[in-house]
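Student: In the numbering used here, the protein residues as written are 283 to 595.
Just so you know, even glycine gets a beta-carbon here, dropped at the ideal spot from N, CA and C.
A single structure is presented below for examination.
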Amino acid sequence: MEAPNGHIPVLPSQVLEVLQPEPGQVFVDCTAGLGGHAAMIAERIGPSGTIVLCDLDPGNLARAEARVRETMSPGEPSSANVIAIHTNFHRISAELKDRGIRADMVLADLGFASTQVDDPERGLSFKKSGPLDMRLDTTAPIDARELVNTLSERELADLIKRFGEERHARRIAAKVVEARGNAPIETTDQLADLVRSAIPRPSGPIDPATRTFQALRIAVNDELGSLDALLSRISSGAKESAKGRGWLNPGARIAMIAFHSLEDRPVKRVFSAMSSEGLGELITRKPLEADESEIAMNKRSRSAKLRAIRIVG
Ligand SMILES: C[S@@+](CC[C@H](N)C(=O)[O-])C[C@H]1O[C@@H](n2cnc3c(N)ncnc32)[C@H](O)[C@@H]1O
């Protein structure tokens, strides 16, 4: 299941269990990444199925497309029914409606991929020196450098507190504003050192820069705004589906994988509301998580939580 670049999809058997792919179905991967999950589904739906891939990162999207085409139609990749769309997943319903496609399965595996965090030039890791970028979409206009150097101390503290759940947010913002008074903060290691110096007596195995980097990444990419918008499209898609319209087929299965509570909470809330309104049946009452053997093989799976719902129909 491992991709040539070392990326391993999280919770692979659980994704298959909740989506139950069948030959000829339409699968929409909102976060194509390196095509790990999509290749797995491609094997099940076969050459008569359709796969729609979406990603903010044009490089990942191209890698995923090549891999999925080859899996679906070995030796004849151009004949596979694969549609790759470079867009934010909150636009996926509009993109599908434009093309007259309705989904049987939807997956969103949130956050970033190994290609992104491992590349120092993307500025996502405090463990590697690189420019303060953090954009998942390399064509987007605003990067972390701009936020760190232009937000007011108050705005910066609020951002770090809200998206990083960091209790030392005020101290960190004060340090950043003091330092940038001398010269702009340009690199990941400059920022990481400032954060570490702002936190009194750090304890435990987690680097003190972790929460601030998470907060900036979430803000740069408007991750929670995009997630809320996608969840709202899923909920309205379920209402339309009952009337035989929209981007979701009756009985469509939706799976979301979250990596921290700021992502998992809205998924849980919207899926429960859909279930109470009779729009969907929960496939998972409690989130599915990785077992010890998966965690030993893939550290990133440790915090993954998978929730799934089946649209009524
Ligand atoms: C964890 S990776 C997905 C890995 C993929 N499931 C696999 O098995 O290879 C997350 C991907 O989602 C993309 N992404 C994150 N937020 C997005 C958004 N709002 N819209 C579209 N793509 C997004 C990232 O660029 C990244 O490539």
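From which residue to which residue does the beta strand (DSSP E) around R592 run?
Tutor: The residue you call residue 592 lines up with position 310 of the sequence shown. Secondary structure note for R592: its beta strand (DSSP E) is the uninterrupted segment 587 to 593.
Student: How about the region 292 to 303 and the region 510 to 528: do they share at least three Cβ pairs that are nearer than 8 Å?
Tutor: no
Student: Ligand 1 heavy atoms versus the CB of H450: any closer than 7 Å?
Tutor: Position 168 of the sequence shown holds residue 450. Checking the Cβ of H450 against ligand 1 gives no.
Student: When you measure from the CB of A395 to every non-hydrogen atom of ligand 1, does any distance come out below 7 Å?
Tutor: Within the sequence shown, numbered from 1, the residue matching residue 395 stands at position 113. Yes, the Cβ of A395 comes within 7 Å of a heavy atom of ligand 1.
Student: If distances are taken between C-alpha atoms only, which option among V310, L570, V292, L564 comes closest to C336?
Tutor: Taking the first residue of the sequence shown as 1, we reach residue 336 at position 54. C336 has its Cα closest to that of V310, out of V310, L570, V292, L564.
Student: Put N464 into one of helix, strand or coil per three-state DSSP.
Tutor: In the sequence shown, counting from the first residue as 1, residue 464 sits at position 182. Of the three classes helix, strand and coil, the one that applies to N464 here is coil, per DSSP.
Student: H319 by DSSP, collapsed to three states: which one?
Tutor: For the purposes of this step, residue 319 is identified with residue 37 of the sequence shown, where counting begins at 1. If DSSP states are grouped into helix, strand and coil, H319 belongs with the helices.
Student: For K568, count neighbouring C-beta atoms within 10 Å of its own C-beta (all shown protein chains included) and say buried if the count is 16 or more, exposed if not.
Tutor: Here residue 568 is taken as the residue at index 286 of the sequence shown, counted from 1. Counting C-beta atoms within 10 angstroms of its own C-beta, K568 has fewer than 16 neighbours from the protein chains shown and is therefore classed as exposed.
Student: Who are the Cβ neighbours of A395 in its own chain at under 7 Å, not counting the five residues just before and after it?
Tutor: Numbered from 1 along the sequence shown, position 113 holds the residue referred to as residue 395. So the qualifying residues of the chain are H289, G315, L316, N342.
Student: With 16 as the cutoff for other CB atoms within 10 Å, does A555 come out buried or exposed?
Tutor: On the sequence shown, residue 555 is found 273 positions in, with the first residue counted as 1. Flag for A555 reads exposed.
Student: Let's see if you can read the secondary structure: which residues bound the beta strand (DSSP E) around E522?
Tutor: For the purposes of this step, residue 522 is identified with residue 240 of the sequence shown, where counting begins at 1. Taken as a continuous stretch (DSSP letters only), E522 belongs to no beta strand (DSSP E), being part of the alpha helix (DSSP H) at 505 to 524.
Student: Tell me whether M579 is buried or exposed, calling it buried when 16 or more other Cβ atoms sit within 10 Å of its Cβ.
Tutor: To locate residue 579, count along the sequence shown from 1; it is residue 297. M579 is exposed by the Cβ-count criterion.
Student: Name the DSSP bridge partner or partners of T469?
Tutor: Numbered from its first residue, the sequence shown carries residue 469 at position 187. For T469, which the question treats as bridged, DSSP gives the partners P413.
Student: Quick check on F309: does DSSP put it in helix, strand or coil?
Tutor: What you label residue 309 is simply residue 27 of the sequence shown in a count that begins at 1. Of the three classes helix, strand and coil, the one that applies to F309 here is strand, per DSSP.
Student: Would you say G270 and A520 are within 8 Å of each other, going by their C-beta atoms?
Tutor: Residue 270 lies beyond the stretch modelled for the chain, which goes from 283 to 595, so this question has no answer here.
Student: With C-beta atoms as the reference, is M387 less than 8 Å away from A540?
Tutor: Counting from one through the sequence shown, the residue named residue 387 turns up at place 105. Counting from one through the sequence shown, the residue named residue 540 turns up at place 258. No, the Cβ-Cβ distance between M387 and A540 is not below 8 Å.
Student: Does any heavy atom of ligand 1 sit closer than 7 Å to the C-beta of P291?
Tutor: Counting from 1 along the sequence shown, the entry for residue 291 is found at position 9. Yes - ligand 1 has a heavy atom lying nearer than 7 Å to the Cβ of P291.
Student: What's the call for I591, buried or exposed, on a 16-neighbour Cβ count within 10 Å?
Tutor: The residue given as residue 591 occupies position 309 in the sequence shown. By the C-beta density criterion, I591 is buried, having at least 16 other C-beta atoms within 10 angstroms.
Student: Whose C-beta lies closer than 6 Å to the C-beta of G331 among residues of the same chain, with five residues either side of it excluded?
Tutor: As a first step, residue 331 is located in the sequence shown; it is residue number 49 there, counting from the start. These residues qualify, in order along the chain: G306, Q307.
Student: Could you give the C-beta distance for I442 and A480, rounded to a whole number, given that I count them as a contact under 8 Å?
Tutor: Numbered from its first residue, the sequence shown carries residue 442 at position 160. Numbered from its first residue, the sequence shown carries residue 480 at position 198. That pair is no contact at about 10 Å.
Student: For F371 and A586, I'd like the C-alpha separation in whole angstroms.
Tutor: Here residue 371 refers to the residue found at position 89 of the sequence shown. Here residue 586 refers to the residue found at position 304 of the sequence shown. Rounded to the nearest angstrom, the two C-alpha atoms are 19 Å apart.
Student: With a threshold of 7 Å, establish whether the CB of L338 neighbours any heavy atom of ligand 1.
Tutor: One-based indexing of the sequence shown puts residue 338 at position 56. Checking the Cβ of L338 against ligand 1 gives yes.
Student: How about the region 344 to 358 and the region 434 to 450: do they share at least three Cβ pairs that are nearer than 8 Å?
Tutor: no
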